[in-house]
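In the working numbering, the protein residues as written are 285 to 549.
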C-alpha cells in the first residue's frame, strides 16, 4: 500500500517538474514504474510512452495558445521521429532476446540492458540540465541547418525514445535551437508537441504485444497531469534555471544508482 502511494506521489512529482521547468521529469517515469511499482522494464517503457505523451500534449496546449510552436519544424522533425519510435516499439523491442550476451559469467538480459541504456540517457540528460542553454549562448538568426540533418536527428531521437520510453526533450530542444535556429521558448513548445506525437503513436506499437493495465495507466497519468498544473501554478515563484540545475544533479545521481544496482546487485 505504501509503495503504491509512493508510486502515485512520484507521478505528481514528475508532473510538477514538467510544469516548473518545462521538461526533465518524464525521464523519472521508467525508474518510478520499475523500482517503486515493480513493473517490468519492457512494459514500463511502453507505459512511459503513454504517460510522457499524454503529459506533453497537455503541456503543449499553453504554448500553442501563446503561438510558441513552430509547426513546420515540428512536422519536419516529428514525422521521421514518429516513424522511428513506432518501428522500434513494434518490431525491435519484441525481437530482442531475453538474454542479450554474457561477459565474464555475467548475463546481460533484455531488462538489464534497457535499464543500463536508460541510466546512460539519464546521465546525458543531467548534463544538459546542469549546463542550461540560454538565448545568449546562440545566435538564433543564423542560417538553418539542411532539412536532411533535422530529419536524421528526428530518426535518432525517435529510435532512442522507442528503446527507453523517454521523451528525449533534452536532445530535441538543443537540436531545434542549434539546427532549426528557432528561439528557446518556441523550441520548448515545439519539443513538447513532438514528444507528445511520437510518444503516443509509438505507444500504439505496443498494443497487442503488451498486456496494458488501462486503469492503472490512466490513473498514473491523471496524477502526472495534476502535477503539471501545480508546477505551472508555482512556476513564477522559482528560478527556472536554478531548479533545472538542481534537478539535473538529482538525475545524475539517479542514473549512477541505476547502473550500480543493475550491474552489481
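Even for Gly, the Cβ is constructed at its ideal location relative to N, Cα and C.
Query: Residues near residue 340 in its chain [Cβ-Cβ closer than 7 Å; skip 5 each side]; Result: 451, 476, 479, 480, 483
Query: 6 Å Cβ shell around residue 424 - same chain, five flanking residues per side excluded; Result: Confidence in residue 424 is poor, its pLDDT being 48 and thus under 50, which makes the residue's placement unreliable; the coordinate value appears in the next sentence. 465, 467.
Query: Proximity of residue 378 and residue 393 at Cβ, strictly below 8 Å; Result: no
Query: Coil, strand or helix - residue 391 by DSSP; Result: strand
Query: Opposing strand residues paired with residue 491 [DSSP bridges]; Result: 494
Query: DSSP-derived helix/strand/coil call for residue 424; Result: With a pLDDT of 48 at residue 424, under the threshold of 50, the modelled position of this residue cannot be trusted; read the value that follows with caution. Note: residue 424 maps to coil in three-state DSSP.
Query: Distance between residue 332 and residue 508 (C-alpha atoms, nearest Å); Result: 11 Å
Query: Residue 382 Cβ short of 7 Å to the ligand ADP heavy atom set; Result: With respect to the ligand ADP, the structure shown offers nothing to examine, as it has no ligands at all.
Query: Same chain, Cβ closer than 6 Å to residue 439, five either side skipped, listed in chain order; Result: 364, 368
Query: CB contact check: residue 456 to chain D, cutoff 8 Å; Result: Protein chains in the displayed structure number just one, and chain D is not present.
Query: Spatial distance of residue 460 from residue 347 (CA atoms); Result: 16 Å
Query: Per-residue DSSP class, three states only, for residue 549; Result: coil
Query: Given residue 445 as reference, the closest of 471, 288, 313 once Cα atoms are compared; Result: 313
Query: Close-in-space but distant-in-sequence residues of the same chain around residue 352 (CB under 7 Å, 5 per side omitted); Result: 469, 470, 473
Query: Distance between residue 435 and residue 361 (C-alpha atoms, nearest Å); Result: 5 Å
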